[in-house]
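These protein sequence lines are chains A and B, in that order.
Here my numbering runs 129 ahead of the position in the first sequence, where the first position is 1.
Here my numbering runs 15 ahead of the position in the second sequence, where the first position is 1.
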Amino acid sequence: MVRETWSDVLAYYLNYVTNLQPVFEQTQRFILDLKPESLLNREIFEDKLKRENKRSVSKVKAISEFLAMFRTEIFEFIWNYVEETKDYFDLIDIQDYIIDFLIESIKALKTLESITNPDEDDLRKTLLYQSVHIIQEKIFPQGQSLQDIYDKLIDQSISYYEVQRHLLKPAAYYREDLEKSEIPGFTPNTYKILNQITSLFNLDPNYYEMPEDNAIDIPVILPEQVFDPFIEQIANKERTAITRILKRMELRIIDGIFIGPTERFLELTEPHNYITRKSVSEDKERIIPQFSNETLVLLYLAKTSYRRGFLSRELINWISSNIAFLIYKGILKVIVSDDNIFYPIFVDLKVEEKILPYLMKLACFENYLRMDRTKIRDSVQYRKQIFNSLGSKNEYIESIIKDIAEALHPLIENLNI
Amino acid sequence: MAISLWQELLQKFQEGLENSIEKISERDIDTIPGAKERLIEKLEQIKRYLPRNDGEYIIKIIDDSIQKSFFPRINNISEAFIKILDARTPEQDYIIQELINGFISSEGKVIASSKGGPILDNLVEAFKKRRDFKIVDFQYYAMFGNPNKPRKYVINRLKKIVEFLGLESDCYVKTDVGTGEDKEITYFSFPKEINQILEGRYIETLETGETYVTDKFDKMVFIAFFLAKVSVERKTLDKFKINGICAIFALIMIISFMPKLQIDEKNPINRDPHFDAQSMSVIPKSWMNSDILSELLPPLIQVMAFRLGGNDWLDKIELTEKKIKLHLQAQFLLKDVNKWVLGNMCRVEIPIFIEISAILNEITVGMERERN
């Protein structure tokens, strides 16, 4: 796969953002020049549209077609707005409102354009750097150690657990051969297995001497119990699968028979009360598990974040698309008001799929998410599928977007656009 | 005197409770002081009072709470749909979703399992894009690639969605602007009476006569519609769906029966920010052990089946060991309304649980008073 440089990706990203801007500006000029009563004359709009769309501009065909579609939609939205509101407001007020909506939209595009710069000057002050880091801290933190990351995730889970979990559940499932060291996202079955392990540890675990320290008894469960509700007997395939999954949560197979925690698991979870110690005799201590729903899910996510250089293609695409989506929606939320008639254009799949893929790649670079951007798929079909599944319907996503927008607000104001 | 089938089922239910009580007494799974005793006490009360008067109270719980909210006994699909929509709360949506996700049907799995979940999201988007509340095949294909050359699996998926939801189709011919060729377009819509309900709830009409679909329209509307369809067509359901529905409903009943536990002030759960004492209750956990649940669940599944679908349904409940294991999957479904917090099982107090436990409390308090 071609390794695109920062300037390559940035140029692709800016391509559509900068092309959209003049369309709004021209429309603003056109509305400003209109007499208010002409707002009711659809022919004027149609003539203008015809002229603009026919204008021979030396541009790539795909872009000019896209812009024609974009311009038509803008005009359509204006026309509908006039129709809807003409009985309630004076035409001159309607004209003012439309101009306000256009100014907001232009500002949004200008902000998206100034999200970073080709030389990454003043890196830490750029909007891209800041927004990636704001989002990361909440749902996919970086840290010096696994403990550091796990602690941060648990801290943030009170507000963002659902989004953190969402980040581990890719919406698209492409068959892919995983390298041994690669971490994939949750499939529905992995998630069920995780739930089952949590329940079994909490319900009635057995206790077994810890291989590293015979003064400690650790809780253990049987792999067969995990698969019990699904299949009669487990074979090699299940054993291999469970061993891999366990490793990603600092659990392990002990003596080929039991599932139990590693020493590291105990270190990681003890500060959060997920285990307690109970003395059973003078020289023996027992570790009692008391897991929460978050215990294993967030440990898996912490490991994913810690080993972010070794994620499966699917998971990289999913995480980066979600983070790009949050940045994009966060910026829009700050600038474009809810009643802006052009908002649906920004969140239309046709527009999103022109901007988000490059934002995903930009966000993967070394100074940001540090994930392998060469694994980001360029197929149009894949993009459609993945963007269709981004959490617009998820109330938790809506709530994190609100928080991101609040954090971005002063930064965007400082850009003085 | 020969006992009726219903009485036989009630008896089995009592036996199941008895065996569970025995098993719970033998083991110490619950760590909260007094939890085991409270659980045994509750199960004793259920065993004593619930089957009384020919199971009058079990019938009340099934009919007045579970059927009313999730599975209305009505022949008219529109009315059933309205009832399910009325019972919706965000938390109860989880239950409905789990009904589809876990069990209901293989078709259900295609459309609403986590793997296919996004398809349902896409479908909502596809409906929202149009103001006439119809979905056009061409538009749907465009969501997954080139609409002129849709992939086979995309076509098949749309077919399954249409079957799943019972959508009605219609065709018209349109000239393609690009090629000038005539093209047959198929659009799908809900049946007329359902459309009227949706229009009333999810479609807003502007002054200009223009309509738009509001944000309240989400995938749960499709799922509620599916459930309404299934409840109306309950006589023709297959074995798989029947077993699934009864297992989930039986589990809802068991969870509702669980007593709230008093937690010591020093218990770390009180300091855990994921625990909200206002909306959650700590309940005993030993019932979740598969040994105990496999005593408790199967007879209740049979009771549920008989009440919901009579002999036809009861005949289709399979209680082989393999099937019981399948039923046990229910224990980790409903995971979002049953949370683990620091090793404690917490029930999120959603309306259906509150309603059933209130009925149970009313019965036991009344009976205890009579007894005394």
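Think of the CB as a built atom: it goes at the ideal place given N, C-alpha and C, for glycine as much as any other residue.
Given the structure is predicted, the values throughout are model-derived calculations rather than measurements.
query: Does any C-beta atom of chain A lie closer than 7 Å to the C-beta of K354(B)?
result: Against chain A, the CB of K354(B) has a partner CB under 7 Å away; the residue lies at that interface.
query: Counting Cβ pairs, one atom from each stretch, are 3 or more of them under 8 Å apart for the stretch 213 to 229 of chain A and the stretch 409 to 421 of chain A?
result: Contact between the stretch 213 to 229 of chain A and the stretch 409 to 421 of chain A is absent, because fewer than three Cβ pairs lie under 8 Å.
- prompt: Among residues of its own chain, excluding the 5 on either side of V465(A), which ones have a beta-carbon nearer than 7 Å to its beta-carbon?
  reply: E233, S234, A237, Y472, F475
- prompt: If you pair each beta-carbon of the stretch 329 to 339 of chain A with each one of the stretch 280 to 287 of chain B, do three or more pairs fall below 8 Å?
  reply: Short answer: they don't touch.
query: In terms of residues, what are the limits of the alpha helix (DSSP H) holding W135(A)?
result: 135 to 162
- prompt: Does G358(B) have its Cβ less than 7 Å from a Cβ in chain A?
  reply: Chain A contact via Cβ: present.
message: Could you compute how far the alpha carbon of G272(A) sits from the alpha carbon of E266(A)?
response: 10 Å
Proximity test, Cβ basis, 7 Å: P283(B) and chain A: yes
message: If I follow the unbroken beta strand (DSSP E) through I417(A), where does it start and stop?
response: 413 to 418 is the extent of the beta strand (DSSP E) around I417(A).
field: Minimum Cβ-Cβ distance from P288(B) to chain A less than 7 Å
entry: yes
field: Cβ neighbours of G31(B) in the same chain (closer than 6 Å, five flanking residues each side left out)
entry: Same-chain partners within the cutoff: E310, L311, P314.
- prompt: Does the beta-carbon distance from L540(A) to Q259(A) come in below 7 Å?
  reply: yes
- prompt: Roughly how far, in whole angstroms, is the beta-carbon of V352(B) from the beta-carbon of Y72(B), given that I think they are within contact range, below 8 Å?
  reply: With a Cβ gap of about 23 Å, V352(B) and Y72(B) do not count as contacting.
- request: Please classify T134(A): is it buried, with 16 or more other beta-carbons within 10 angstroms of its beta-carbon, or exposed?
  value: Exposed is the call here.
message: Excluding the 5 residues flanking H538(A) on each side, which residues of the same chain have their C-beta closer than 8 Å to its C-beta?
response: V463
- prompt: Anyone know if the C-beta pair for K354(B) and D45(B) falls short of 7 Å?
  reply: no
- prompt: With a cut-off of 7 Å, does the C-beta of L231(A) fall near any C-beta of chain B?
  reply: no
message: Quick check on E205(A): does DSSP put it in helix, strand or coil?
response: helix
task: Closer than 6 Å by C-beta to P165(A): which residues in its own chain qualify, once you throw out the five before and the five after it? Chain order, please.
output: Closer than 6 Å at Cβ, skipping near neighbours: L220, I221, Q224.
- prompt: Is the Cβ of I44(B) closer than 7 Å to any Cβ of chain A?
  reply: For I44(B), the answer is yes, since a Cβ of chain A falls inside 7 Å of its Cβ.
message: Using a Cβ-Cβ cutoff of less than 7 Å, which residues in the same chain neighbour D412(A) once the five nearest sequence positions on both sides are dropped?
response: A344
query: Among residues of its own chain, excluding the 5 on either side of L323(A), which ones have a beta-carbon nearer than 6 Å to its beta-carbon?
result: L425
task: Given a cut-off of 7 Å, decide if M319(B) and I298(B) are closer than it, judged by their beta-carbon atoms.
output: Annotated as distal: I298(B) and M319(B), with beta-carbon spacing of 7 Å or more.
query: Using Cβ-Cβ distances below 9 Å, what residues of the stretch 410 to 434 of chain A are close to chain B?
result: I417, P418, Q419, F420, S421, N422, E423, T424
task: Out of Q26(B), G325(B), E208(B), state which residue places its alpha-carbon closest to the alpha-carbon of G70(B).
output: Of the listed residues, the one whose Cα sits closest to G70(B) is Q26(B).
Short-range partners of chain B found in the stretch 328 to 352 of chain A, where Cβ spacing is below 7 Å: S328, N331, L332, D333
- request: Spell out whether any CB of chain A is found under 7 Å from the CB atom of F368(B).
  value: no
message: 7 Å is my cut-off, CB to CB: does K513(A) come that close to chain B?
response: yes
task: Using the Cα positions of D468(A) and L461(A), report the straight-line distance between them to the nearest angstrom.
output: Roughly 12 Å separates the two Cα atoms.
query: Cβ-heavy atom distance between T319(A) and the ligand GTP below 6 Å?
result: For the structure depicted, the ligand GTP is absent and the ligand set is empty, with no information on it obtainable.
Members of the stretch 146 to 168 of chain B that neighbour chain A once the beta carbon cut-off is set at 9 Å: A157, M158, F159, G160, N161, R166
message: Excluding the 5 residues flanking V409(A) on each side, which residues of the same chain have their C-beta closer than 6 Å to its C-beta?
response: R415
message: Using beta carbons (cut-off 7 Å, strictly below), is M235(B) in contact with chain A?
response: no
- prompt: Are the C-beta of I268(A) and some C-beta of chain B separated by less than 7 Å?
  reply: no
query: Among the residues of its own chain, which have a CB less than 7 Å from the CB of D381(A), if the five just before and after it don't count?
result: Per the sequence shown, the amino acid found at residue 381(A) is Arg instead of Asp. Once the five neighbours on either side are set aside, the close Cβ partners of R381(A) are L375, G389, T391.
task: Mind reading off the beta-carbon distance from L478(A) to K531(A)? Whole number of angstroms is fine, and I expect it under 8 Å.
output: Not a contact, Cβ separation roughly 22 Å.
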